[in-house]
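*Asks:* One structure, pasted below without further comment.
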Amino acid sequence: MNGIIENIISAGVARCMPLLRTCTWVLLCFCCDNPLPDIHKISGCLKILAQIIEGVEDEKVLIDACCTVACIATGPAENHIALLNSYIHPNLIRRIYPTNPTMTMMPSIITAAITALSNL
801 MNGIIENIIS AGVARCMPLL RTCTWVLLCF CCDNPLPDIH KISGCLKILA
851 QIIEGVEDEK VLIDACCTVA CIATGPAENH IALLNSYIHP NLIRRIYPTN
901 PTMTMMPSII TAAITALSNL
């Protein structure tokens, strides 16, 4: 899983919103499964999630990305450390208190971001 999503996004294919929605949804399904995946298997995706939360304005993608973070954060302390080291939390905070007027402000996105932060 580590290389697949990074390669798709870095190749610029992620500009195709349906493909990005699918990739984010697959990552959500993978990370919310029981048992949680080993953080080392998904660590490469954390920075991608941070970039998605920071720069994508699609509601479905943002909700899935935030929910993925929330699921990962339900794991052991090692997961929390990896999430904090990926600097994903400032992007979640900006979804709640946007600094950019072009950022999408939807209750569903704000709720997902708050849930992710509360699990951290």
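For the sequence shown, this note's numbering begins at 801 and goes up steadily by one. Ideal Cβ positions, reconstructed from N, Cα and C, are used throughout, including at glycine.
Taking DSSP as the reference, what is the three-state secondary structure of Val-826?
*Replies:* Residue state, collapsed to three classes: helix.
*Asks:* Going straight from the alpha carbon of Ser-918 to that of Ile-848, what length do you get?
*Replies:* Cα-Cα distance, rounded: 20 angstroms.
*Asks:* Taking C-alpha atoms, which residue in Phe-830, Cys-816 and Arg-821 lies nearest to Ile-872?
*Replies:* For the residues Phe-830, Cys-816 and Arg-821, the minimum Cα distance to Ile-872 belongs to Phe-830.
*Asks:* Thr-911 to Leu-920, Cα distance in whole Å?
*Replies:* Thr-911 and Leu-920: Cα-Cα distance of roughly 14 angstroms.
*Asks:* Quick check: what's the CA-CA separation for Ile-839 versus Gly-875?
*Replies:* When rounded, the distance between both Cα atoms is 9 angstroms.
*Asks:* Taking the alpha helix (DSSP H) that Asp-864 falls in, what are its first and last residues?
*Replies:* Looking at the DSSP string, the run of the alpha helix (DSSP H) that includes Asp-864 is 859-873.
*Asks:* What is the DSSP secondary structure of Leu-920, counted as helix, strand or coil?
*Replies:* Reduced to three states, the DSSP call for Leu-920 is coil.
*Asks:* Given Asp-864, which residues of its chain have a CB within under 7 angstroms of its CB, disregarding the five upstream and five downstream residues?
*Replies:* Around Asp-864: Thr-824, Trp-825 and Leu-828.
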